Amino acid sequence: MRLVIARCSVDYAGRLSAHLPTATRLILVKADGSVSIHADDRAYKPLNWMSPPCSLKEADGVWTVVNKGGEKLIITLDEVLHDSSHELGVDPGLIKDGVEAHLQELLADRMEVLGEGWTLIRREYPTAIGPVDILCRDSTGATVAVEIKRRGEIDGVEQLTRYLELLNRDPLLAPVKGVFAAQEIKPQARVLATDRGIGCVVLDYDGLRGIEDDKLKLF
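Residue numbers (UniProt numbering): 1 to 219.
Have a look at this one:
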């Protein structure tokens with residue numbers, strides 16, 4: 001990962017246009033090819049970004065990032081305050097506790113609770129950045145990646161987003177939709193998931209175990 005702190009302005013040219021006036025910002029260039037621009041006043045969402053695959057061309061004081069659709073992110077650097085690169089390696093992802101592991105097992109055995117006609121492809125589907133909890137198909141045959149948490153927070157949505165970006169590069173799987181499943185989903189996580197087109201499912205652990213009636217709720 002490359003981290004650059006610079007006084008810069010940013011222009012996006014694509015389906016819409018956007019301009020960020022000159023200010024001091026953090027620019028992240030990740031190994032997957034993504035480029036994102038961050039301010040110091042928000043927890044997780046960048047001011048602007050370009051998802052992979054994309055190319056970065058550096059000229060004198062100007063970076064041009066172009067994605068496969070021809071959209072451009074033009075970063076004009078007035079002053080570079082910091083520029084460093086770090087090898088992070090493969091991230092193992094968030095480690096599941098016993099309840100999360102059991103939820104995954106129960107849901108894989110009862111795919112019908114997600115919808116009639118849903119079928120399992122594989123649990124712990126391997127990717128270069130870690131395993132997807134459940135990969136399945138819905139009643140239309142579309143591929144769906146399911147991320148399972150005991151408590152659904154923003155970091156879980158971010159994790160699923162990374163999986164979806166990677167899985168959608170595979171022509172044998174794409175298009176891949178996402179479902180974020182948890183016993184409890186925090187409001188901020190639900191808002192972020194909805195904004196990214198990810199479905200949310202609230203799981204009843206006892207219901208899945210057959211102790212109580214099935215109370216799974218799909219939103």
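Even glycine gets a Cβ: it sits at the ideal position worked out from N, Cα and C. None of these values were measured; they are calculated from a predicted model.
DSSP, reduced to helix, strand and coil, places Met1 outside both helices and strands of the structure shown, so it counts as coil. With fewer than 16 other Cβ atoms from the protein chains shown falling within 10 Å of its own Cβ, Asp109 counts as exposed. The shortest C-alpha to C-alpha distance from Arg122 to any of Gln159, Val113 and Ile134 is the one to Ile134. A distance of 8 Å or more separates the beta carbons of Val29 and Ile75. Less than 8 Å divides the Cβ of Val35 from the Cβ of Cys54. Counting only residues of its own chain and dropping the five nearest sequence neighbours on each side, Gly70 has a CB closer than 8 Å to the CB of Gly14. The three-state reading of DSSP puts Thr194 in helix, counting H, G and I together. Inter-residue distance for His102 and Gly152 is about 16 Å (C-alpha atoms, whole angstroms). Given a length threshold of 4 residues, each whole run of the alpha helix (DSSP H) inside the UniProt domain "Endonuclease NucS C-terminal" (99–219) is given here in chain order: 154–167, 187–195 and 205–209. For Pro52, there is no enclosing beta strand (DSSP E), as DSSP gives it neither H nor E. Only exposed fits Ala39, as fewer than 16 other CB atoms lie within 10 angstroms of its CB. Residue range Lys72 to Ser85 is occupied by the beta strand (DSSP E) that includes Asp83. Cβ neighbours of Lys57 within its own chain (closer than 6 Å, five residues either side excluded): Thr64.
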